[in-house]
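The sequence shown begins at 927 in this note's numbering and counts up one residue at a time.
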Amino acid sequence: MAPLMIVIHDVGHGQAIHAFTPDGKVVVIDLGMSASFSPLEWLGRYTKTIDSLVITHPHGDHIDEILLITDLGFNVRQLWRPRWLLKQDVYAANQATYYDKLNAYFDMSDRYNSPVKDGELVGDPKVTGGVTIKQFASRNCGTSNINNHSGVVVFEYLGVRVVVPGDNEAASWKELLKKTDFVNMISDTYVFMASHHGRQSGYCLELFSALNDGAPRLCVISDAGVQDTDATQRYSCHAEGWAVDSRSTLKRENRNCVTTRTDGAIEIEVGSNLSGTYLSVTTD
927 MAPLMIVIHD
937 VGHGQAIHAF
947 TPDGKVVVID
957 LGMSASFSPL
967 EWLGRYTKTI
977 DSLVITHPHG
987 DHIDEILLIT
997 DLGFNVRQLW
1007 RPRWLLKQDV
1017 YAANQATYYD
1027 KLNAYFDMSD
1037 RYNSPVKDGE
1047 LVGDPKVTGG
1057 VTIKQFASRN
1067 CGTSNINNHS
1077 GVVVFEYLGV
1087 RVVVPGDNEA
1097 ASWKELLKKT
1107 DFVNMISDTY
1117 VFMASHHGRQ
1127 SGYCLELFSA
1137 LNDGAPRLCV
1147 ISDAGVQDTD
1157 ATQRYSCHAE
1167 GWAVDSRSTL
1177 KRENRNCVTT
1187 RTDGAIEIEV
1197 GSNLSGTYLS
1207 VTTD
């Protein structure tokens, strides 16, 4: 059987993740880009279908490429977003330079207002080649900080779990930890992507206290230059460590944390072979 592939693109201060399920479904999480690289243009060379688009929250650096959805002719089959956020709160949380993209975001959100039919939901393992994909979010935090309404996406395949949040800050994590289904889903995480680009504001000690011993094995950070509020060292301390291969050096090293700013694009592959289930992580 084909593996689950998750690509965390190097888009500087932004976020863009593309996942490919064993049966060929395409899941896109956030629409970040950099001045030199367009993840959607890259994806468009392979397919024009996005089976599930997840916009963790509508901040400009997470919807940067939203206009290209139409310009490049993509067909988006399903959409998840924090649809409960009011327009005035979202516009107030963004710079005016993003308003045209926010208009496109709300236009798209308004079009996806019908429930997905039974047996068609991307993330149901029967629909997604054995991969379970779930989204979690808290609505209880104030809307003055829309980071705390970010969705958290969890992939599970062959017992391996990968957690991809948005810009969740501590208040959001603490609300999510009140949900038993969320705690159960993340408890044995293998790969944990740091929220809010690895900033201190996204770090939550209670979150890691809720994980099983040995979890996570590896932390991932998507960001540009190191900031004063960088929490990379804190995340590294929580990870058990995992073998990471580098395409540029052809070396394998045991790492606790990898970042797009120093390692480039990060590819996660979960599959099975004659030796059993495997998790491989490769960087540029």
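C-beta atoms are modelled at their ideal positions from N, C-alpha and C, and glycine is treated no differently.
| Item | Value |
| --- | --- |
| DSSP has Y1083 in a bridge; who is on the other side? | V1086 |
| Is L993 helix, strand or coil by DSSP? | helix |
| Hey, quick one: how far does the beta strand (DSSP E) through Y1204 stretch, first residue to last? | G1202 to T1209 |
| Below 8 Å on the Cβ atoms is my contact criterion, and I expect S1162 with N1182 to pass it. Report the Cβ-Cβ distance as a whole number of Å. | 4 Å |
| Excluding the five sequence neighbours on either side, which residues of its own chain have a C-beta within less than 6 Å of the C-beta of S1064, listed in chain order? | S1098, E1101 and L1102 |
| State the DSSP-derived secondary structure class of S964, mapped to helix, strand or coil. | coil |
| Is G1092 closer than 8 Å to G1068 when the C-beta atoms are compared? | no |
| To the nearest angstrom, report how far apart V954 and V933 are at their CA atoms. | 10 Å |
| In chain order, which beta strand (DSSP E) runs of at least 3 residues are fully inside the stretch 1177 to 1201? | 1178 to 1181, 1183 to 1185 and 1192 to 1199 |
| In chain order, what are the residue ranges of uninterrupted alpha helix (DSSP H) at least 4 long that sit wholly in the stretch 1080 to 1138? | 1096 to 1102, 1106 to 1112 and 1131 to 1135 |
| Among residues of its own chain, excluding the 5 on either side of Y1017, which ones have a beta-carbon nearer than 8 Å to its beta-carbon? | Y1025 and L1028 |
| Since H985 and A1019 should fall inside the 8 Å C-beta cutoff, what is the C-beta to C-beta distance between them, to a whole number of angstroms? | 7 Å |
| What's the C-alpha gap between D949 and T1058? | 13 Å |
| What residue does the beta strand (DSSP E) around T1158 start on, and which one ends it? | Careful: T1158 lies outside any beta strand (DSSP E), inside the alpha helix (DSSP H) at T1158 to H1164. |
| Out of V1080, C1130 and V937, state which residue places its alpha-carbon closest to the alpha-carbon of A980. | The question names Ala, yet the displayed sequence has Val at residue 980. Comparing Cα positions, the closest option is V1080. |
| Could you check where the alpha helix (DSSP H) with L1026 kicks off and where it finishes? | Contrary to the premise, residue 1026 reads as Asp rather than Leu in this sequence. Where D1026 is concerned, the enclosing alpha helix (DSSP H) stretches over Y1025 to R1037. |
| With K1060 as the anchor, note down where its beta strand (DSSP E) starts and where it stops. | T1058 to F1062 |
| With respect to 7 Å, is the separation between the Cβ of E1179 and the closest non-hydrogen atom of the ligand SAM below this value? | Absence of the ligand SAM is noted for the structure shown, with no ligands found whatsoever. |
| Please classify T975: is it buried, with 16 or more other beta-carbons within 10 angstroms of its beta-carbon, or exposed? | exposed |
| Kindly indicate which three-state DSSP category N1066 falls into: helix, strand or coil? | coil |
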